[in-house]
Amino acid sequence: MEKAFEELEKIYTEVEALLKQQTIVCHCCGKCCDFSKNGMRLYIFRLERLYLLSKLGSPLSLKDGKCSGQNQNLCSLHKYRPLGCRTQFCTHTFQEIYEIFAKKIQEIEIKYNIEYEYAEAFES
Numbered sequence: 386m387e388k389a390f391e392e393l394e395k396i397y398t399e400v401e402a403l404l405k406q407q408t409i410v411c412h413c414c415g416k417c418c419d420f421s422k423n424g425m426r427l428y429i430f431r432l433e434r435l436y437l438l439s440k441l442g443s444p445l446s447l448k449d450g451k452c453s454g455q456n457q458n459l460c461s462l463h464k465y466r467p468l469g470c471r472t473q474f475c476t477h478t479f480q481e482i483y484e485i486f487a488k489k490i491q492e493i494e495i496k497y498n499i500e501y502e503y504a505e506a507f508e509s
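Each residue of the sequence shown is one higher than the one before, starting from 386 at the first, in the numbering used here.
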């Protein structure tokens, strides 16, 4: 599983490099993590779920409608955040970038025989 995680981290690095070329800026306001107010839903792949579990020791959950990774409007798991968090900003969604890299995540899952799952990130 470690090799799959390494490949996932490379994808995240590619996403970050591509997003740096865009004009969007994160204002660290925390709105993207407050799902009770922003109306968004976060979906992740099984590989991302397993990766987060390995790094955090527990699954993501919602606390008062906010991501459990949010701490004083900042993401405490910023380094490990899933693809959806990397491509969604409070003022813009990079859907095309998301779709390109979602396919790459699926390719890693196939390569390492990780059962396909694309589901809501938060456990109740």
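Yeah, the Cβ is synthetic: ideal placement off N, Cα and C, and Gly gets one too.
query	result
Taking three-plus beta-carbon pairs below 8 Å as touching, is the segment 501 to 508 in contact with the segment 428 to 443?	yes
In terms of residues, what are the limits of the alpha helix (DSSP H) holding Phe390?	Glu387 to Lys405
What does Cys512 pair with, by DSSP beta-bridge criteria?	Because the chain spans 386 through 509 in this model, residue 512 falls outside it and cannot be assessed.
Using DSSP with H/G/I as helix, E/B as strand and the rest coil, what is Ile429?	strand
Between the Cα of Leu447 and those of Phe420, Leu437 and Ile485, spot the shortest distance and give me the residue it belongs to.	Phe420
Do the segment 493 to 501 and the segment 458 to 473 touch if we need at least three Cβ pairs shorter than 8 Å?	no
Between the beta-carbon of Gln455 and the beta-carbon of Cys418, is there less than 8 Å?	yes
When you compare only the Cα positions, how much space is there between Glu391 and Glu399?	13 Å
Would the beta-carbon of Leu427 fall within 8 Å of that of Cys470?	yes
Taking Thr408 as the reference, give the member of Glu502, Glu500, Thr478 and Lys488 with the closest Cα.	Thr478
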